Structure formats: structure tokens, C-alpha cells
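Read in order, the letters of the sequence shown correspond to residues 31 to 274 in this note's numbering. C-beta atoms are modelled at their ideal positions from N, C-alpha and C, and glycine is treated no differently. The structure presented is a predicted model; accordingly, all values stated were derived computationally and were not measured. Before any comments, here is the structure.
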Amino acid sequence: MKIKYKPEENEIFHIHTFRCKHAEQVRDEAYVTKAIELGAKRIVFTDHAPFPGDIFKNRMSIGELPEYIHTVNEIREKYINKIEILCGLEVEYLPSYDSYIGELSNMSGIDVMVLGQHFYEHEQGVYSFADDDKSMEYTGCFKAMIEGIKTNYFDVVAHPDRAFRRRKKIDSEEKEIIKEFVEEVIANKEIYLEKNYTSMRRKNQYKEDFWEMIPNQIGILYGYDAHSIDEMEEIWNKVYRKEN
């Protein structure tokens with residue numbers, strides 16, 4: 031039985047690798063050695079999960095998944111006395127792939143499942159990233175996140191407020207779906223929400239109004255969402271200086 035993920039202090043959470051096709055072309059071990067140098071106690075890889083048939087871009091191919099798991103777990107053993115290393119996946123919840131996502135959550139070598147809803151499914155084979163009008167994208171993304179939470183496949187919901195990136199402000203309609211989302215998170219009890227440092231560095235992706243609606247009983251962690259070693263180091267240094 032897998033140990034349920036829980037955040038740790040001095041943890042570097044949410045790291046992507048070269049396999050996602052939009053990250054720095056360096057080996058996984060380079061992130062680990064830099065994390066050790068910085069003084070981190072744990073590093074959590076959460077690369078974008080592939081889907082059967084490689085139907086989506088900007089992520090590892092289905093053929094790379096076994097190698098990703100093997101490599102991260104091999105590095106874990108190499109540095110076992112210096113840093114804790116976890117292997118995870120960031121996955122969109124798409125109802126047509128429910129069984130497959132369930133298989134990923136139970137896969138040997140996968141420690142953490144992150145729900146990262148970058149788009150949603152209208153129906154099998156039809157996805158929101160192809161919509162001409164994306165102004166109401168947040169509704170579909172939040173409904174997908176709510177359904178994903180209900181499955182109990184996931185440990186963390188990444189950057190939930192990023193679903194509002196096309197909204198100038200959070201108003202009454204937006205608040206209604208946030209309330210529904212919060213109710214499901216509370217019902218789950220064990221899932222965490224991620225405040226995303228990379229979202230904070232980008233225009234209109236971090237929504238303080240959203241986080242003001244999250245009650246204290248919900249667990250919150252901070253994620254790097256780093257796609258390069260420099261990004262990881264820069265975020266670590268800013269966080270460290272702020273806390274000290």
C-alpha cells in the first residue's frame with residue numbers, strides 16, 4: 031500500500047523534466063544535485079503525464095513513462111542519504127480516460143498524483159483548448175477538477191486559481207463555482223491545494239481573491255512548477271530570503 035503524500039518543510043515541490051518538451055534539456059539528476067546544494071530536504075518530480083496514443087503535445091510520450099519512473103527511482107536510491115526524492119505525475123482529469131488515470135495512480139514507482147487542469151473535455155476527442163471562445167473556460171476546468179477530486183486518484187490540486195486566467199476579476203458567478211469546489215475539497219479531507227510560485231510570476235494567473243475564499247481547514251502547499259534549474263534556484267532563493 032502506498033504512503034499518502036504529505037508536504038514537508040524545505041521541500042521543492044512540482045518539478046518538470048526535459049521529457050515534457052518545454053523544459054530545460056538537462057538530466058533529472060541535475061535538479062537533485064542543485065536541490066541538495068540549496069539545502070532542500072525533499073524534491074518532488076511531477077512531470078506532465080502522457081495519454082494513450084500521445085494525443086496531446088507538451089508532455090512526455092507514452093513510451094517515455096517507464097523510463098521516467100525508473101530513472102527517478104534509481105536516482106532516489108543513489109541519493110537516499112542526502113535528500114528524499116519522490117516521483118509524481120501532473121494529470122488533467124478527463125472522464126473518458128478515468129480508468130487510465132486510475133491505473134497511473136496505482137502504478138508502482140509513482141508516489142504523488144497532481145491534478146493540473148490546463149484544459150477540459152467536452153466529449154471524447156473534443157477538448158477546450160480548441161474552443162474559439164475561451165472566456166468561460168474556468169467553468170469547465172473547475173467542473174473537471176471537482177470530478178477529479180471525487181475519484182480519490184489525486185494528492186494535490188495544482189494552481190486551481192489559474193483556471194481564472196482569462197477573467198479580469200472574480201465576481202458572483204466565479205464565487206459560486208469556487209464554493210462548490212471548496213465543498214468537494216473539504217469532503218475529500220486528504221487533498222492539498224497548491225499555491226503556485228510560477229503563477230505568481232505571471233500576469234493574471236495567481237488570484238488572491240480565490241485564496242481568500244479557501245478556509246483554514248484545507249491543506250495548502252507551495253509549488254515551484256519549475257521547468258529549469260535556474261527557475262528552481264531563483265524561486266528557492268526568493269522564498270528563503272523572505273522567510274529569513
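**Request:** Give the secondary structure of Leu134 by DSSP, where H, G and I count as helix, E and B as strand, and everything else as coil.
**Result:** Counted from its first residue, the sequence shown places residue 134 at position 104. DSSP places Leu134 in the helix class (H, G or I) of the three-state scheme.
**Message:** Taking 8 Å as the limit between beta carbons, can you name the residues of its chain near Lys164, skipping five residues before and five after?
**Reply:** Residue 164 sits at position 134 when you count from the first residue of the sequence shown. Taken in chain order, the residues that qualify are Ser158, Arg196.
**Burial state of Ala174 (16 or more Cβ within 10 Å)** = Taking the first residue of the sequence shown as 1, we reach residue 174 at position 144. Result: buried.
**Message:** Could you check whether Val186 and Leu134 sit closer than 8 Å to each other, using their CB atoms as the reference points?
**Reply:** For the purposes of this step, residue 134 is taken as residue 104 along the sequence shown, with counting starting at 1. For the purposes of this step, residue 186 is taken as residue 156 along the sequence shown, with counting starting at 1. A distance of 8 Å or more separates the beta carbons of Leu134 and Val186.
**Host beta strand (DSSP E) of Gly249 (start-end)** = As a working note, residue 249 is residue 219 in the sequence shown. Looking at the DSSP string, the run of the beta strand (DSSP E) that includes Gly249 is 249 to 253.
**Message:** Tell me the residue span of the beta strand (DSSP E) that contains Thr76.
**Reply:** The residue labelled residue 76 in the question sits at position 46 within the sequence shown. Its beta strand (DSSP E) spans residues 72 to 78.
**Message:** Quick check on Met90: buried or exposed, where buried means 16 or more other Cβ atoms within 10 Å of its Cβ?
**Reply:** For the purposes of this step, residue 90 is identified with residue 60 of the sequence shown, where counting begins at 1. Per the 10 Å Cβ criterion, buried.
**Given Lys64 as reference, the closest of Glu122, Tyr130, Ile259, Asn267 once Cα atoms are compared** = Residue 64 sits at position 34 when you count from the first residue of the sequence shown. The residue with the shortest Cα to Cα distance from Lys64 is Ile259.
**Message:** What would DSSP say about Gly178, mapped onto helix, strand or coil?
**Reply:** Looking up residue 178 in the sequence shown gives position 148. Correct three-state label for Gly178: helix.
**Asked** Near Asn226, what residues of its chain come up, given a Cβ to Cβ distance below 6 Å and the 5 sequence neighbours on each side ignored?
**Response** In the sequence shown, residue 226 corresponds to position 196, counting from 1. Result list for Asn226: His189, Gly253, Asp255, in chain order.
**Message:** Considering only DSSP beta bridges, list what Leu223 is partnered with.
**Reply:** If you number the sequence shown from 1, residue 223 lands on position 193. The partner list for Leu223 (beta bridge, DSSP) reads Val187, Ile250.
**Item:** 8 Å Cβ cutoff met for Ile99 and Gly139
**Value:** As a working mapping, residue 99 is identified with position 69 in the sequence shown. As a working mapping, residue 139 is identified with position 109 in the sequence shown. Closer than 8 Å, so yes.
**Item:** Where Glu203 sits in the DSSP three-state scheme
**Value:** Indexing the sequence shown from 1 puts residue 203 at position 173. Helix, per DSSP.
**Request:** Within its chain, find whatever has a CB closer than 8 Å to the CB of Ile216; leave out the 5 residues flanking it on each side and keep chain order.
**Result:** Position 186 of the sequence shown, counted from the first residue, corresponds to residue 216. Excluding residues up to 5 positions away in sequence, Pro245, Gln247, Ile248 lie with their Cβ nearer than 8 Å to the Cβ of Ile216 in the same chain.
**Asked** Under the rule that 16 or more other beta-carbon atoms within 10 Å means buried, what is Gln147, buried or exposed?
**Response** As a working mapping, residue 147 is identified with position 117 in the sequence shown. It is buried - the Cβ of Gln147 has at least 16 other Cβ atoms within 10 Å.
**Prompt:** Does the beta-carbon of Ser229 have 16 or more other beta-carbons within 10 angstroms, so that it is buried, or is it exposed?
**Reply:** Taking the first residue of the sequence shown as 1, we reach residue 229 at position 199. Burial check for Ser229: the Cβ neighbour count within 10 Å reaches 16 or more, so the residue is buried.
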